[in-house]
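So the structure is just underneath, and the comments pick up after that.
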Amino acid sequence: MSTTMPAPPRMAAVEFLRLYGDESGYELVNGIVVKLPMTGGVRGEVCGNVASLIGDHIKEKKLGRVMSNDTYIRTRTNPDGVRTADVCFISYAILPADQPTPAGPLTPPLELVVEVKSSTDCWNAITLKSAEYIAAGVVRVLVLDPETASATIYHPDELPQRFHNGDELTLPEVLPGFAVPVARFFE
Numbered sequence: 001m002s003t004t005m006p007a008p009p010r011m012a013a014v015e016f017l018r019l020y021g022d023e024s025g026y027e028l029v030n031g032i033v034v035k036l037p038m039t040g041g042v043r044g045e046v047c048g049n050v051a052s053l054i055g056d057h058i059k060e061k062k063l064g065r066v067m068s069n070d071t072y073i074r075t076r077t078n079p080d081g082v083r084t085a086d087v088c089f090i091s092y093a094i095l096p097a098d099q100p101t102p103a104g105p106l107t108p109p110l111e112l113v114v115e116v117k118s119s120t121d122c123w124n125a126i127t128l129k130s131a132e133y134i135a136a137g138v139v140r141v142l143v144l145d146p147e148t149a150s151a152t153i154y155h156p157d158e159l160p161q162r163f164h165n166g167d168e169l170t171l172p173e174v175l176p177g178f179a180v181p182v183a184r185f186f187e
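Going by the UniProt record's numbering, the first residue of the sequence shown is number 1, and it counts up by one from there.
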């Protein structure tokens, strides 16, 4: 005789943010709370490099705001989704400079979300998360893999682009003038 486990109860984004909004390490995926594993120093270092490299360009060109440290992004409704971005960028065209940054989760459109693959992440989950961001209205998702020193850019309606250690990465659609060797993210 086989038994079927009942599906975990689904939670609304409002309830998720009330319970977990001030904590890191949780996401709401298809209405289900998922605890994320803690990650190590390599991922943290790469996230810092990304925030610095992209952030410096954004501030120099006065393009918008860069955010890091698992910023909540509302990705879907019914079932609800709230994901955490390692680094993200929202332009002044979307959120003008004279308006405050929202205290709660960001709601797309956003120009860029960056995810750094940790040693505990599997590519299937990263690909699904990237697709969820794109479906929500994020223009580009950049995934960095410290293990292979590579970068993958996800676009709506296009195949992902892969960049390797010797390549120069550009994001002209969202960061005009930004160009950096992929290796710089992993130094």
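Note that beta-carbon positions come from the ideal geometry of N, C-alpha and C, so glycine has one too.
Burial state of residue i, where buried means 16 or more other Cβ atoms lie within 10 Å
| i | result |
| --- | --- |
| residue 103 | exposed |
| residue 14 | exposed |
| residue 41 | exposed |
| residue 97 | exposed |
| residue 129 | buried |
| residue 67 | buried |
| residue 173 | exposed |
| residue 75 | buried |
Given residue i as reference, the closest of the options once Cα atoms are compared
| i | options | result |
| --- | --- | --- |
| residue 83 | 183, 120, 31, 149 | 31 |
| residue 186 | 128, 179, 116 | 116 |
| residue 35 | 46, 166, 121 | 121 |
| residue 216 | 182, 184, 143, 176 | The structure shown does not extend to residue 216, since the chain spans only 1 to 187, so no value can be given for it. |
| residue 50 | 134, 157, 123, 145 | 145 |
| residue 64 | 33, 29, 100, 86 | 100 |
| residue 70 | 37, 58, 91 | 37 |
| residue 118 | 47, 29, 9, 19 | 47 |
| residue 165 | 159, 158, 150 | 150 |
| residue 44 | 114, 27, 131, 156 | 114 |
Residue i: first and last residue of the uninterrupted alpha helix (DSSP H) it sits in
| i | result |
| --- | --- |
| residue 127 | 123-136 |
| residue 23 | Looking at the DSSP string, residue 23 is not in any alpha helix (DSSP H), and its letter there is neither H nor E. |
Element boundaries [beta strand (DSSP E), containing residue i]
| i | result |
| --- | --- |
| residue 169 | 168-170 |
| residue 163 | 161-163 |
| residue 180 | 179-181 |
Inter-residue CB distance, residue i and residue j (contact presumed, cutoff 8 Å)
| i | j | result |
| --- | --- | --- |
| residue 163 | residue 182 | 5 Å |
Restricting to runs no shorter than 3 residues, where is the beta strand (DSSP E) found entirely within the region 61-110? 64-76, 81-91
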